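Asker: In the working numbering, the protein residues as written are 86 to 453.
#1: Under the assumption that residue 217 contacts residue 341 (Cβ atoms under 8 Å), give the Cβ distance between them as a whole number of angstroms.
#2: In the DSSP assignment, find the unbroken beta strand (DSSP E) run with residue 323 in it and report its ends.
#3: Based on DSSP bridge pairs, tell me the residues matched to residue 256.
#4: Hey, could you find the ends of the beta strand (DSSP E) residue 224 is sitting in?
#5: Using three-state DSSP, classify residue 233 as helix, strand or coil.
#6: Counting along the chain, where does the beta strand (DSSP E) carrying residue 133 start and finish?
#7: Can you name, in chain order, every residue of its own chain whose Cβ lies under 6 Å from the Cβ of residue 176, other than the five neighbours on each side?
#8: Secondary structure at residue 143, three-state DSSP: helix, strand or coil?
#9: Among 425, 451 and 449, which one has its Cα closest to the Cα of residue 440?
#10: Count the other C-beta atoms from every protein chain shown that fall within 10 angstroms of the C-beta of residue 148, then say buried if there are 16 or more, exposed otherwise.
#11: When you compare the stretch 246-265 with the stretch 315-330, are there three or more beta-carbon pairs, one atom per stretch, that lie closer than 8 Å?
#12: Distance, Cα to Cα, residue 308 vs residue 336?
#13: If we count the other Cβ atoms within 10 Å of its Cβ and call it buried at 16 or more, is residue 255 buried or exposed?
#14: Which whole-angstrom value is the C-beta distance of residue 137 and residue 238, which I expect to be below 8 Å?
#15: Please say whether residue 445 and residue 367 have beta carbons closer to each other than 8 Å?
#16: Kindly indicate which residue of 385, 371 and 401 has the alpha-carbon position closest to the one of residue 359.
#17: Which of the three DSSP states, helix, strand or coil, is assigned to residue 452?
#18: Following the continuous beta strand (DSSP E) through residue 366, name the residue where it begins and the one where it ends.
Next comes the structure, spelled out in structure tokens:
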């Protein structure tokens with residue numbers, strides 16, 4: 086079973102109710118600072134940490150004096166615009182004393198469904214993590230309409246975990262795990278410590294619409310678990326309102342762990358390999374040897390480009406005899422790839438007229 090102490094890259098989802106006091110509408114600063122202590126401990130062990138945080142609308146609502154009832158879209162977006170800046174500042178001030186730099190990353194559902202945006206999001210967050218930064222991710226409620234919304238941060242957190250190849254996802258919730266029934270209504274309800282497979286029986290226990298301790302809150306969490314575990318990321322649901330909730334989880338606090346059958350790297354490779362290629366890239370013998378040794382594909386090693394594909398599309402990688410070596414996600418369009426093939430990375434900007442990425446296909450986006 087996964088434990089937080091073994092995490093190499095962890096995504097933590099934080100709900101509004103944990104972060105914002107429901108009565109006053111103010112931030113629970115003591116709790117936030119205790120969470121910052123937990124994040125600092127994980128970072129000190131060498132783990133990458135990404136926080137997926139709700140709270141912008143709840144914060145903005147209080148500042149603007151808006152009612153607690155459901156808000157029209159325009160008022161929700163206005164509240165988010167006011168609340169986002171306060172939320173970002175709160176995380177910055179909580180983590181700065183630990184020597185941790187934060188970054189705000191705002192996303193919508195389109196950013197994961199469009200391959201170009203997906204690659205941009207992944208590259209940005211990988212760069213931030215490589216620089217030791219803790220990204221604070223939230224849905225961009227100031228612009229998102231229903232058609233491009235995740236709608237809940239459980240699924241958003243799962244998608245972030247998939248995007249950056251996290252090995253653990255922690256949902257800090259108002260309940261300490263997944264139960265066979267609502268424990269507030271059924272005294273016989275039992276908590277599952279570990280769920281190895283999300284069966285039809287488990288899904289039936291999650292029920293339908295609702296929120297919080299109600300069955301619907303569990304339904305979105307199960308959806309998140311299915312997304313995360315399929316990508317090689319273990320997921321935990323644990324009660325988050327206590328001080329130092331991540332430390333508590335590590336020390337054995339009640340939780341339900343959903344196990345992953347693959348590691349994130351292998352799951353991503355399998356996902357790429359299963360795609361239908363939209364073009365092909367023929368590489369020379371030197372590039373073929375470099376790929377076999379785990380290197381990225383650079384433009385200098387490309388002999389020919391075939392097909393019509395866009396940035397982020399899957400392409401087949403062939404050697405000069407036509408043998409398929411594998412496939413990957415192209416960081417350039419077919420037109421761009423054709424222009425820079427055979428050239429050194431330093432020549433990309435003079436050829437295209439703008440800076441490009443050094444690799445045509447990065448090794449992390451390749452399945453051989």
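Just so you know, even glycine gets a beta-carbon here, dropped at the ideal spot from N, CA and C.
Here the structure is a predicted model, which means the values were calculated and not measured.
Answerer: Judging by the given coordinates:
#1: Taking the chain shown and counting its residues from 1, one reaches residue 217 at position 132. Taking the chain shown and counting its residues from 1, one reaches residue 341 at position 256. Not quite, the Cβ-Cβ distance comes to about 31 Å (not below 8 Å), so this is no contact.
#2: Sequence index remark: in the chain shown, residue 323 carries index 238 (1-based). Counting along the chain, the beta strand (DSSP E) containing residue 323 begins and ends at 319-324.
#3: Start at 1 with the first residue of the chain shown, and residue 256 comes out as number 171. Looking at the DSSP assignment, residue 256 forms a beta bridge with 98 and 322.
#4: Within the chain shown, residue 224 is the residue found at index 139, counting from 1. Segment 219-224, the beta strand (DSSP E) holding residue 224.
#5: The residue you call residue 233 lines up with position 148 of the chain shown. Low local confidence applies: a pLDDT of 38 at residue 233 is under 50, so the model's placement there is unreliable, with the coordinate-based value given in what follows. Residue 233 falls in the helix class under three-state DSSP.
#6: Mapped onto the chain shown, residue 133 falls at position 48. 133-138 is the span of the beta strand (DSSP E), which, as asked, contains residue 133.
#7: Start at 1 with the first residue of the chain shown, and residue 176 comes out as number 91. Within the same chain, residue 176 has close Cβ partners 187 and 221.
#8: As a position in the chain shown, residue 143 is number 58, starting the count at 1. Helix, per DSSP.
#9: In the chain shown, residue 440 corresponds to position 355, counting from 1. Of the listed residues, the one whose Cα sits closest to residue 440 is 425.
#10: In the chain shown, residue 148 corresponds to position 63, counting from 1. Under this definition residue 148 is an exposed residue.
#11: For the pair of segments examined, the stretch 246-265 was found to touch the stretch 315-330: the number of CB pairs separated by less than 8 Å reaches three.
#12: Here residue 308 refers to the residue found at position 223 of the chain shown. Here residue 336 refers to the residue found at position 251 of the chain shown. Between residue 308 and residue 336, the C-alpha separation is close to 27 Å.
#13: Here residue 255 corresponds to residue number 170 of the chain shown, with the count starting at 1. Counting the other CB atoms within 10 Å of its CB gives residue 255 a total of 16 or more, which places it among the buried residues.
#14: By 1-based counting over the chain shown, the position of residue 137 is 52. By 1-based counting over the chain shown, the position of residue 238 is 153. Their Cβ separation, rounded to whole angstroms, is 6 Å, which keeps residue 137 and residue 238 in contact under 8 Å.
#15: The sequence position of residue 367 within the chain shown is 282, counting from 1. The sequence position of residue 445 within the chain shown is 360, counting from 1. Not a contact, by the Cβ cut-off of 8 Å.
#16: For the purposes of this step, residue 359 is taken as residue 274 along the chain shown, with counting starting at 1. It is 401.
#17: The residue labelled residue 452 in the question sits at position 367 within the chain shown. Three-state result, residue 452: strand.
#18: For the purposes of this step, residue 366 is identified with residue 281 of the chain shown, where counting begins at 1. Counting along the chain, the unbroken beta strand (DSSP E) around residue 366 starts and ends at 364-368.
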